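Counting in our numbering, the sequence shown runs from 5 upward without gaps. All residues carry an ideal CB built from backbone N, CA and C; glycine is no exception. Note that the structure is predicted; figures quoted are calculated from it, not measured. Single-structure report; data block below.
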Amino acid sequence: MKIGIFTEVYRPIVNGVVASVESLTEELRARGHEAYTFAPRIPKGVEALGRVFFMPSLPLPARTEYRLTVPLVARRNKARFLSRCDIIHSHSLFVTGWMAQYYARYRFRVPLVFTYHTMLERYTHYSPLGQRITTQLTRELTKGYANAADAVIVPTQAVATSLRDTGVVAPLCVVPTGIDLERFRGASGAQGREVRARLGIPADAPLLLLVSRLAHEKNIPFALVALQAVRAARPSARLLLIGTGPTQQLLRARSASLGVADGVIFAGALPREDLPAMYAAADLFVFPSTSETQGLVLAEAFAAGLPVVAAASPQTRDVFGPNKAGELVDDPAHMASAVDRLLGDRDAYAAASAHARTASAAFDVKATAGRVLAVYEAVMANRAGTAAMGDFEDLFDLVG
């Protein structure tokens with residue numbers, strides 16, 4: 005199968021969308037499919053492996069690593085690659101998303117699949133138009149774009165429900181973002197100890213890990229307040245923050261005001277290949293965000309066998325599923341007590357770690373890529389008029 009994949013973000017940006025696109029395309033290519041990725045070129049970005057075609061991009065007015073894609077695909081790439089695609093898969097509903105829709109629906113008349121990665125209404129604070137207007141605009145944008153697709157992939161059932169409430173009537177299929185489980189399961193204790201030594205973290209200090217963009221919607225002060233309470237009982241406890249973002253200085257100031265500045269390590273953004281050692285160094289993973297569609301880092305923590313203490317949301321409940329891989333909490337005090345309980349109860353910790361490893365199986369990229377391929381095959385058969393309705397209904401959530 006020949007697949008055109010459009011994304012608004014790519015290397016060197018480190019986030020869940022980039023990880024999702026890369027893990028999917030790598031697995032598709034490993035299975036013998038031809039996956040062509042179209043993405044904005046980012047200055048000083050590393051060149052990608054495989055068939056990745058970069059488009060021009062411009063800086064945005066705000067100070068951000070993200071870029072505005074210039075919708076230009078080289079003529080030779082249209083002729084040699086896009087025109088040969090059996091299906092186009094969009095991972096954005098902005099510039100590259102509209103390009104994907106144009107090429108799929110109007111230029112080459114092939115099926116369009118859309119993966120909904122971001123709950124845009126949780127990001128309206130970035131808009132100069134005000135949250136109420138921006139929320140309405142993003143809902144209309146999401147509804148219009150999703151309904152133009154042959155199928156929409158969402159990472160959790162909670163997100164599927166949210167899209168239905170927004171007015172999306174396109175076929176929906178829940179497929180979590182997959183990861184290479186062995187990459188995170190394979191990190192050794194020696195690698196974890198080396199990380200602690202390099203960062204000056206005592207071997208016996210309780211270490212909480214949070215991998216996140218440092219931004220308002222990620223709710224990181226929640227974890228800082230929890231750390232303050234944890235350190236009241238365990239003064240040597242540390243929080244390792246991996247990531248960068250616009251609120252980094254505010255978070256440093258908040259750490260100082262809470263009296264935990266000496267217990268928070270800002271490690272910056274790291275390449276994905278360095279993350280398994282960070283998980284191996286930690287005792288627990290904390291996750292304060294409620295704005296994620298899935299939270300890819302939860303799957304990474306599960307694969308590493310780390311118990312997770314996460315802020316409760318419909319999405320995180322879906323990710324945990326029936327597995328007791330830690331605890332879902334409502335406030336920082338609850339997070340602190342859950343952390344303290346897991347650190348102090350060896351049996352509870354071991355049980356949560358085992359549940360985490362069990363939960364990680366749902367995010368094996370081999371399984372999730374197989375499900376994405378099933379979506380591709382179903383929409384292609386439906387477009388060709390050869391799909392059995394029962395098979396289509398088994399795969400998708402349909403309206404009516």
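DSSP beta-bridge partners for residue i?
i: R361; result: DSSP lists no partner for R361.
i: D401; result: L176
i: F289; result: L213 and V312
i: V158; result: V178
i: G101; result: Answer by DSSP bridge pairing: none, since G101 is not bridged.
i: A247; result: Before going on, a small fix: residue 247 reads as Gly here, not Ala. In DSSP, G247 forms a bridge with G272.
i: T119; result: I157
i: L62; result: L72
i: E296; result: T122
Determine the extent of the beta strand (DSSP E) in which residue i is found, giving its start and end residues.
i: A39; result: E38 to P44
i: M59; result: V56 to M59
Out of the options, state which residue places its alpha-carbon closest to the alpha-carbon of residue i.
i: L167; options: S192, M123, A271 and R200; result: M123
i: L214; options: A39, L310 and Y380; result: L310
i: A207; options: A284, P159 and G263; result: A284
i: P115; options: A308, R189, L86 and A305; result: L86
i: N19; options: D401, D398 and V301; result: V301
i: F226; options: A316, T119, Q195 and A150; result: A316
i: A233; options: F98, V369, G348 and V264; result: V264
i: G299; options: A281, V333 and R217; result: R217
i: I205; options: E296, D287 and A352; result: D287
i: V379; options: L76, D398 and F367; result: D398
i: V178; options: M59, T139 and R375; result: R375
i: T139; options: F118, A155, A164 and T170; result: T170
i: T160; options: Y120, R55 and T390; result: Y120
i: G487; options: A382, R361, T11 and G389; result: Any answer about residue 487 is impossible in this case: the structure gives the chain only from 5 up to 404.
i: A230; options: A342, R321, Q253 and G8; result: A342
i: G247; options: S259, S261, P275 and L346; result: P275
May I ask you to report which of helix, strand or coil DSSP gives residue i?
i: G330; result: strand
i: S94; result: strand
i: R238; result: coil
i: T320; result: helix
i: I17; result: coil
i: P225; result: helix
i: A152; result: coil
i: D169; result: helix
i: L141; result: helix
i: L218; result: coil
i: D351; result: helix
i: L207; result: In the sequence as displayed, the identity of residue 207 is Ala instead of Leu. Here A207 sits in coil by DSSP.
i: G325; result: coil
What are the boundary residues of the alpha helix (DSSP H) that residue i is part of?
i: H338; result: P336 to G348
i: V25; result: G20 to A34
i: K6; result: Element bounds for K6: not the alpha helix (DSSP H) but the beta strand (DSSP E), K6 to F10.
i: V383; result: V369 to A388
i: V77; result: Counting along the chain, V77 falls outside any alpha helix (DSSP H), and DSSP gives it neither H nor E.
i: F408; result: For residue 408 there is no data in the structure shown, the boundaries of the chain being 5 and 404.
i: A305; result: L300 to A307
i: G196; result: G193 to L203
i: F188; result: L185 to R189
Looking at the C-beta of residue i, does it have a partner C-beta in chain D at a distance below 8 Å?
i: V22; result: The question asks about chain D, but that chain is absent: this structure has only one protein chain.
**Request:** Taking only runs that begin and end inside the region 250-289, name each unbroken beta strand (DSSP E) of 3 or more residues, in chain order.
**Result:** Complete beta strand (DSSP E) runs here, min 3: 268-272.
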